[in-house]
Amino acid sequence: MDFTLPDTAVAVREGVLRAMSGFDHAYWSRLEEEHRFPDEAWAALGEGGWLGLSVPEEYGGGGQGLLELAVANEALASTGATQGTFLYILTPGFGAMTITRHGTDEQKKEILPGLAAGDTQFCMALTEPDAGSNALAITTHARRDGDDFLIKGQKIWISGVDRADWMVAITRTIPAADAKPRTAGFTLFLVDVKEALKAGTLTFQPIPKMGSNIVTSSQVFFDDVRVPAHRVIGEVDQGFGVLWDVLNPERILAAAGGVGAADAALQLACDYAREREVFGRPIGANQAIQFPLAQIKAKTELGRLMAYKAAWLFDQGLPCGNETNVAKLTGAQVAWEAADQAFQTFGGMAYSKEFPIERLFRDARIGKNIPVAEELILAHIGTQMLNLPRSY
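When the letters of the sequence shown are read in order and numbered with the UniProt record's numbering, they come out as residues 1 to 392.
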């Protein structure tokens, strides 16, 4: 594979960086303190067309692939908008890519123009209190009621539901005990969030958390949420394949966001290491400071290439599961290592909210757990790439 980025991806990177040039670390830190959605930055991304990159041109979008989305998310994170990458996964990822690849003509006409214009927001509901990494164990179910389905159950850690127009809801239409094979009986629905909230059949409870507070994460309760049958994504009982086609892009986008977050932390650390003098010279001249940062730079470049490779394979319609998992693992790890080393480079000042290091530190930690736990990725690599026995 040629790792030279196509002109489209280069243009996307430059465009997103320009759009975010007016939103510095102080902006994102202020929003974190206020627990406020980045309306201004979101509007700038929408005006530039960066939220509709993967929407086909016939619906007003950019007609680009996952590689361009990954580059956009990486660029976004590199500006300090490490929390903004979650938002980018929600709408251009879960929303635009899912409907573009699996939506009906009716669904595309109804939803894609709003996504292209930046006027529509999405969320996805998969995780449940007793079903995290093991998606096969979900119990939220949908049953037929005439021409509609009624969804009942509970989800947890659902990001962005408070602002979403649409939700991709993953349900069981065949109980796990009766499903043969185990992956049968999944059905994905497009839920009109505002309509369901108004009807009182969908409710949510925000979860207090230690960081990433520009995005609300909530427990979500379905109490016979009514969804017309024409809002099924894909086919009834056959949604597991669609789900994987949603989860692979999510992991690739998360990997790219991790690489961008590492870039942001590394830039801050290096700037400080050049300026801060101790014992008459910049601390960056000391190998104890310089070498760990150099190691992280090398890992960042490797993580970047793997994220690009996984996205490219996905766009070509080629198998990409192994590359996706390696990209997600390395992206999350280098984001955390970069934030941790930046913290060490700043010394005691890293603990002060005068600098954005403490925010990057908190933002980076969650990537080792979501959207899939590091241990599960290692299990995939062990069994699928090394042909070792399964542990579960």
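Every residue, glycine too, gets a C-beta built ideally from N, C-alpha and C.
The structure displayed is predicted, hence computed values, not measured ones.
Please report the residue range of the alpha helix (DSSP H) in which residue i lies.
| i | result |
| --- | --- |
| K109 | 105–117 |
| M167 | Element bounds for M167: not the alpha helix (DSSP H) but the beta strand (DSSP E), 166–172. |
| R30 | 25–34 |
| H141 | That residue, H141, is in no alpha helix (DSSP H); its beta strand (DSSP E) goes 141–145. |
| F314 | 287–315 |
| K198 | 193–199 |
| Q267 | 240–275 |
| S68 | Note that residue 68 corresponds to Glu in the displayed sequence, not to Ser. That run of the alpha helix (DSSP H) goes 66–78. |
| T383 | That residue, T383, is in no alpha helix (DSSP H); it is neither H nor E in DSSP. |
| A350 | It is not in any alpha helix (DSSP H) - A350 carries neither H nor E in the DSSP assignment. |
| T100 | 98–102 |
| A9 | 7–19 |
| G84 | 84–88 |
Buried or exposed for residue i, going by 16 or more other Cβ atoms inside 10 Å?
| i | result |
| --- | --- |
| Y392 | exposed |
| F279 | exposed |
| M1 | For M1, the pLDDT reaches just 42, beneath the cut-off of 50, and the residue's location in the model is therefore unreliable, leaving the point undetermined. |
| Q316 | exposed |
| V10 | exposed |
| D347 | Correcting the residue type first, residue 347 is Gly in the shown sequence and not Asp. Burial call: exposed. |
| L126 | buried |
| P356 | buried |
| P319 | exposed |
| H230 | exposed |
| D145 | exposed |
| I207 | exposed |
| Y308 | buried |
| F291 | exposed |
| Y88 | buried |
| W244 | exposed |
Identify whether residue i lies in helix, strand or coil by the three-state DSSP scheme.
| i | result |
| --- | --- |
| C320 | coil |
| A125 | strand |
| K152 | strand |
| W50 | coil |
| V55 | coil |
| D223 | strand |
| L188 | strand |
| R359 | helix |
| P228 | strand |
| R281 | strand |
| I158 | strand |
| I214 | coil |
| I233 | strand |
| T91 | helix |
| V334 | helix |
| D2 | Residue confidence for D2 is low, a pLDDT of 44 falling below 50, so the modelled location carries little weight and cannot support an answer. |
| K368 | helix |
| L376 | helix |
Compute every distance between the C-beta of residue i and the non-hydrogen atoms of the ligand SAH, then say whether any falls below 7 Å.
| i | result |
| --- | --- |
| S21 | For the ligand SAH, the structure offers nothing, since it holds no ligand at all. |
Using a Cβ-Cβ cutoff of less than 6 Å, which residues in the same chain neighbour residue i once the five nearest sequence positions on both sides are dropped?
| i | result |
| --- | --- |
| R390 | T383 |
| L329 | I377 |
| I283 | A273, R276, I289 |
| G303 | V259, T330, G331, V334 |
| A41 | F23 |
What are the start and end residues of the beta strand (DSSP E) that includes residue i?
| i | result |
| --- | --- |
| S133 | Counting along the chain, S133 falls outside any beta strand (DSSP E), and DSSP gives it neither H nor E. |
| R203 | As written in the sequence, residue 203 is Thr, which differs from the Arg given in the question. Element bounds for T203: 202–206. |
Under 7 Å Cβ to Cβ from residue i, same chain only, skipping five residues before and after it: list those, please.
| i | result |
| --- | --- |
| M210 | R362 |
| G31 | As written in the sequence, residue 31 is Leu, which differs from the Gly given in the question. Correct list, in chain order: P38, I214. |
Ignore the nearest five residues each way along the sequence and tell me which others in residue i's own chain have a CB closer than 8 Å to its CB.
| i | result |
| --- | --- |
| G60 | G52, L112, P113, A116, A117 |
Handout entry: At least three beta-carbon pairs within less than 8 Å, the region 191–200 to the region 240–253
Key = no
Handout entry: Meets three-Cβ-pair contact criterion under 8 Å: the region 261–276 and the region 104–114
Key = no
Handout entry: Cβ contact (3+ pairs, closer than 8 Å) linking the region 15–26 and the region 76–86
Key = yes
Problem - Three-pair Cβ contact test at 8 Å for the region 212–230 versus the region 161–172 - result: yes
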